[in-house]
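Notes for the one structure printed next.
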Amino acid sequence: MKRVVFFCGWIALLSTFCCACEVKTIKEAGYDVEAIREEMELRKVKRITPAEFVSWVDEHGSEAVVALNRYLGTCLQQTTFAACKQQMRPYADSLARVHGFRYEYLDSQDLQEKVRAAKSEQEKQLWTAYLYALEQDNDLHTNVQFMKARREYWYTAPFVLYEEFREKSQAKEVVSGLWLLRFPQKEIVKRFK
Numbered sequence: 074m075k076r077v078v079f080f081c082g083w084i085a086l087l088s089t090f091c092c093a094c095e096v097k098t099i100k101e102a103g104y105d106v107e108a109i110r111e112e113m114e115l116r117k118v119k120r121i122t123p124a125e126f127v128s129w130v131d132e133h134g135s136e137a138v139v140a141l142n143r144y145l146g147t148c149l150q151q152t153t154f155a156a157c158k159q160q161m162r163p164y165a166d167s168l169a170r171v172h173g174f175r176y177e178y179l180d181s182q183d184l185q186e187k188v189r190a191a192k193s194e195q196e197k198q199l200w201t202a203y204l205y206a207l208e209q210d211n212d213l214h215t216n217v218q219f220m221k222a223r224r225e226y227w228y229t230a231p232f233v234l235y236e237e238f239r240e241k242s243q244a245k246e247v248v249s250g251l252w253l254l255r256f257p258q259k260e261i262v263k264r265f266k
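Be aware that the sequence shown starts at 74, since it is given in the working numbering, and climbs by one per residue.
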């Protein structure tokens, strides 16, 4: 008799438990499945070679610099260079968010300050070389550098005033400078596909 009561008790307990536990999927529970999938994709272990890092930075950096140069060129048709640097800040900020970098526009004065404030010998050599090239009026070329101390890839490219904007430019001063785009290594890993 005890066994029958015990057995009936277990059956009642199991049936109560089974009825009380309603199995729902994650989607039915109200979670954003796409956001979870994207987050899982971001957290996957990725093996990225140094060459792939440089290639990614070069691709995204060149796209951003072309857009920045075109915007600045368009702006220079209407106003001075100093005013354009202020006007283009919202555009450059949105571009930086899209590509995951921080940016600076550097002229020769900025480069002199960078040489003095360099945190490593590598940075000092880079800024000195660019300063020398600007002062000698040499052609500047795009460059990708990995800054070990900062764990960043730096994309540097000259400011180019395209021919279509040069004739209509309101800027009477000679505009020469350098774009510096800083890509943190973590951001590259997140965005790398």
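Beta carbons are placed, not taken as given, at the ideal position from N, Cα and C, and that holds for glycine.
Which same chain residues, not among the five before or five after residue i, have their C-beta less than 8 Å away from its C-beta?
| i | result |
| --- | --- |
| Y203 | L179, L184, L213, T229 and L251 |
| Q218 | Q195, L199, Y226, W227 and T229 |
| K192 | A222 and R223 |
Roughly how many angstroms lie between the CA atoms of residue i and residue j, to the nearest whole one?
| i | j | result |
| --- | --- | --- |
| F201 | R189 | Position check: residue 201 holds Thr in this sequence, whereas Phe was assumed. T201 and R189: Cα-Cα distance of roughly 10 Å. |
| P123 | Q258 | 11 Å |
| A137 | C157 | 17 Å |
| P163 | I261 | 22 Å |
| S167 | G146 | 18 Å |
Secondary structure at residue i, three-state DSSP: helix, strand or coil?
| i | result |
| --- | --- |
| Y205 | helix |
| R264 | helix |
| T147 | helix |
| Y228 | strand |
| F154 | helix |
| K259 | helix |
| N216 | strand |
| R162 | helix |
| R175 | strand |
Measure the Cβ-Cβ separation of residue i and residue j and say whether it is below 8 Å.
| i | j | result |
| --- | --- | --- |
| K119 | F265 | yes |
| F271 | V127 | Residue coverage of the chain in this structure runs from 74 to 266, which leaves residue 271 outside it and unanswerable. |
| M161 | Y176 | no |
| G103 | L254 | no |
What residues in its chain sit with their C-beta under 6 Å from that of residue i, if we drop five residues either side in the sequence?
| i | result |
| --- | --- |
| R216 | Reading off the sequence shown, one finds Asn at residue 216, where the question assumed Arg. T229, listed in sequence order. |
Cα-Cα, which of the options is closest to residue i?
| i | options | result |
| --- | --- | --- |
| Q209 | F232, R224 and S181 | S181 |
| L207 | P231, Q150, A155 and E112 | P231 |
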